Amino acid sequence: MGTHFYIYEEGDMFNKEGRSVLFVVFAVMVVSLVLVAGCKKPSEKMIETATGGKATVEGDRVTVKTDQGTLEVGGKQEWPSKIPADVPKFTHGKIVSVMENNTPTGTNVFVGIEGVSKSDFDSYVSTLAGAGWKTLTEAKGEDGFFVNTKKGNNMLVVSFSNKSDKGFSGGISYTQAN
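Position 152 of the sequence shown, counting from 1, maps to 132 under the numbering used here, and the rest follow consecutively.
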């Protein structure tokens, strides 16, 4: 086996006909790569490889579903339907992520929220008490606030810290025991 060189003569690939052939070859290669890659977006494939789940990327919203649950980040987030009606809806700040996780012991739903004030937190704690949620632990400070509540076998933890010029960030974690 030796090394073979092909010397292009003037007029081979660099003339109009040669460029057309080169373009067709290049186009076939690109189409083949797309077909081999399938219909998945590269970002979805990377997320699926990293998580072992099924990923969907739509605009600025990412959804990852695994056998353990679903995580949604970005896009327009709403109060999750898996949180039952006896948990008052938190109407302050902006919901930035929702994660639902099913385990053998129960279901956990986390709602990530930013832009919350201390008065928003105090108002929500009062609303929880009015809805029958019993406060187990509560802490407040300059850097954040936290409350752990219980109703029946279900737990609700509300925690905010990481203060910025837009308010505090954190979230609400609801756990429903089986």
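Backbone N, C-alpha and C fix where the C-beta goes; we use that ideal spot for every residue, glycine too.
In this text the structure is predicted, and so the values were computed from the model without any measurement.
Separation of residue j from residue i, as counted between CA atoms
| i | j | result |
| --- | --- | --- |
| Ile27 | Lys21 | 10 Å |
| Lys56 | Gly32 | 25 Å |
| Ile152 | Gly54 | 17 Å |
| Thr46 | Glu52 | 12 Å |
| Val177 | Val105 | The structure shown does not extend to residue 177, since the chain is modelled only from -19 through 158, so no value can be given for it. |
| Ala157 | Asn81 | 12 Å |
| Pro84 | Thr50 | 15 Å |
| Ala35 | Gln48 | 14 Å |
| Asp145 | Gly95 | 9 Å |
| Ile63 | Ala30 | 28 Å |
| Val137 | Ala65 | 16 Å |
| Phe148 | Pro68 | 20 Å |
| Asp100 | Phe70 | 9 Å |
| Thr129 | Lys143 | 23 Å |
| Ala109 | Lys25 | 45 Å |
| Gly39 | Phe126 | 33 Å |
| Val37 | Ser23 | 7 Å |
Integer-rounded CB distance, given that residue j should sit under 8 Å from residue i
| i | j | result |
| --- | --- | --- |
| Gly124 | Ser141 | 3 Å |
| Asn134 | Thr107 | 16 Å between Cβ atoms; not a contact. |
| Gly121 | Ser139 | The Cβ separation is near 12 Å, so there is no contact. |
As assigned by DSSP and simplified to three states, the class of residue i
| i | result |
| --- | --- |
| Ala7 | In this prediction, Ala7 scores a pLDDT of 45, lower than 50, which makes its location untrustworthy; the coordinate-derived value is nonetheless stated afterwards. Reduced to three states, the DSSP call for Ala7 is helix. |
| Val105 | helix |
| Glu63 | In the sequence under discussion, the amino acid at residue 63 is Ile, which differs from the Glu named in the question. Ile63: coil per DSSP, three-state reduction. |
| Glu28 | helix |
| Gly92 | strand |
| Gly33 | coil |
| Lys131 | strand |
| Lys114 | strand |
| Lys74 | strand |
DSSP bridge partner residues for residue i (one or two, in chain order)
| i | result |
| --- | --- |
| Met48 | First, the residue type needs correcting, since residue 48 is Gln and not Met in the sequence shown. Its beta-bridge partners do not exist; DSSP assigns none. |
| Thr87 | Asn82 and Gln156 |
| Val179 | What the structure shows of the chain is the stretch from -19 to 158, and residue 179 is not part of that stretch, so it cannot be assessed. |
| Val42 | Val37 and Val53 |
| Gly121 | Gly124 |
| Phe183 | This structure leaves residue 183 out entirely; the chain is present only between -19 and 158. |
| Ser23 | Bridge partners of Ser23: none, in fact. |
TODO: Could you say if the stretch 84 to 92 and the stretch 110 to 119 meet the contact criterion of at least three C-beta pairs nearer than 8 Å?
DONE: no
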